[in-house]
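Just remember that our numbering sits 117 ahead of the position in the sequence shown, which is counted from 1. Every residue gets a Cβ at the ideal spot worked out from N, C-alpha and C, and that includes glycine. Since the structure comes first, as C-alpha cells, the remarks are kept for the end.
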Amino acid sequence: MKRAVVFDFFGTLTDPGNEHRRRAVYDATAAVLGIAPDQFWAAVTGSFTERATGVLGGTPSTLRELAARCGTTPSALVLDEAVTTHRAGATVLHEPRPGALDVLTTLRAHGLRIGVLSDCSSELCEAWDELPYAGLVDAAVLSWRVGYRKPDPRGYRAAADALRVAPEECWFVGDGGSRELQGAAAAGMTPVLVANTAYPDHASFRDDPDAFVPDHVVDDLDAVRGLVDWPSQTAADEGDLERRPPHAHTWRRRTT
C-alpha cells in the first residue's frame, strides 16, 4: 500500500517549457560579472556536482568562485548585483508547470504524503519557503542542503524517513534526470516516469539522464492524479490496464 509520493523538482513539478531559458539566466549573470557567456557557461556546467552538493556555498560564494575560475574577481558591489540578477532569473526556472499545484493538492486531499527530492544548487534552497510548492510539500530533501545527489540511496531514505513511511510505501515521480528512477527502484520505491511528451527537447536539459525505463510511464504530470486510486489496489490490480482508475488512459506499461 502506498502512503506517499516523492517528486523530482526540475522538469517534473516545474515547467519543462522553461528549461530552454536556463542558459539565458546564466548569460545575464555573466554579463553583470563582465565574463564572456561561453566561458561562464563552461564554468557553470563543469561545476554542477559541486554546486548541487553545497561545496561552493550559497549563491554569493558560488558566483564569486565561478568568477575566479573565469579569471576575474568582482567587487562587492558587482557581486551583489550579480546575485540579485541570478536569483531573479532563477525564479523563471522554479515556476510550476501547468496543473502541478493542483496535482499536489489532489494527492494530499486523498491522504498521500508529499515529498520532493531534488538535485539543486543554492538558489532553490534560498527561495524554497517563498515558492508555492512549500505549503503543499511535507518534506523536501534538497541536495545542496544534504550534501549528496541522486541516485545516492541516502536521498531516497531521507525522503522516506522525513515522510515517516518506508521506501516501499512511496511512489517516486520524475522525468528521469540524474538516474533518479533507477535510484528510486534500488531504494525500494516504485518509480513513475513523466515522459513529458509535449516537450520533445526537454531531455537535452537533464544532467546524467536515466537509461532505466520503469514499468509505469505517464505522458504528463497531470496523469499522476490517478495515483490516488492506487494505494488500495493489489500488485495484480496495478498490472491490469482494464481495471485502472479514470485517468488510466494516460498511463502505459513499459514494453520490451
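DSSP state of V282, grouped into three classes? To locate residue 282, count along the sequence shown from 1; it is residue 165. Reduced to three states, the DSSP call for V282 is coil.
Of the listed residues F289, L229, R274 and D155, nearest to A283 (C-alpha basis): In the sequence shown, counting from the first residue as 1, residue 283 sits at position 166. That would be R274, whose Cα lies nearest to the Cα of A283.
So what does H235 bridge to, in DSSP terms? To locate residue 235, count along the sequence shown from 1; it is residue 118. Per the sequence presented here, residue 235 reads as Ser, with His not at that position. Looking at the DSSP assignment, S235 forms a beta bridge with L259.
Please report how far the alpha carbon of S235 lies from the alpha carbon of T146, in whole angstroms. Counting from 1 along the sequence shown, the entry for residue 235 is found at position 118. Counting from 1 along the sequence shown, the entry for residue 146 is found at position 29. Roughly 23 Å separates the two Cα atoms.
L310 in three-state terms, based on DSSP: For this step, residue 310 is matched to residue 193 along the sequence shown. Of the three classes helix, strand and coil, the one that applies to L310 here is strand, per DSSP.
Taking buried to mean at least 16 other C-beta atoms within 10 Å of its own C-beta, is A205 buried or exposed? Counting from one through the sequence shown, the residue named residue 205 turns up at place 88. Exposed: under 16 other Cβ atoms inside 10 Å.
Rounded to whole angstroms, what's the CA-CA distance from V161 to E167? Just pull it up for me. For the purposes of this step, residue 161 is taken as the residue at position 44 of the sequence shown. For the purposes of this step, residue 167 is taken as the residue at position 50 of the sequence shown. Roughly 10 Å separates the two Cα atoms.
Mark M118 as exposed unless 16 or more other C-beta atoms lie within 10 angstroms of its C-beta, in which case mark it buried. Counting from one through the sequence shown, the residue named residue 118 turns up at place 1. It is exposed - the Cβ of M118 has fewer than 16 other Cβ atoms within 10 Å.
So, for E182: in the same chain, excluding its five sequence neighbours on each side, which residues have a beta-carbon less than 7 Å away from its beta-carbon? Reading the sequence shown from its first residue, position 65 is the one you call residue 182. Excluding sequence neighbours, E182 sits near L173.
If you run the structure through DSSP and keep just helix, strand and coil, what is R181? If you number the sequence shown from 1, residue 181 lands on position 64. Residue state, collapsed to three classes: helix.
Given this structure, state the Cα-to-Cα distance separating T190 from R262, to the nearest angstrom. Taking the first residue of the sequence shown as 1, we reach residue 190 at position 73. Taking the first residue of the sequence shown as 1, we reach residue 262 at position 145. About 26 Å.
Closest to A340 by C-alpha separation, out of L248, L224 and P270, would be which residue? Looking up residue 340 in the sequence shown gives position 223. Selected option, being the one with the closest Cα: L224.
Quick one: what's got a C-beta closer than 6 Å to T202's C-beta in the same chain, skipping five residues either side? On the sequence shown, residue 202 is found 85 positions in, with the first residue counted as 1. Within the same chain, T202 has close Cβ partners A145, T146 and V149.
Once you ignore the five residues that flank G264 on each side, which residues in its own chain have a CB closer than 7 Å to its CB? Within the sequence shown, numbered from 1, the residue matching residue 264 stands at position 147. Contacts found: T170 and G171.
Report the CB separation of Y250 from P213 in whole angstroms; it is logged as a contact under 8 Å. One-based indexing of the sequence shown puts residue 250 at position 133. One-based indexing of the sequence shown puts residue 213 at position 96. Sure, about 7 Å apart at Cβ, within 8 Å.
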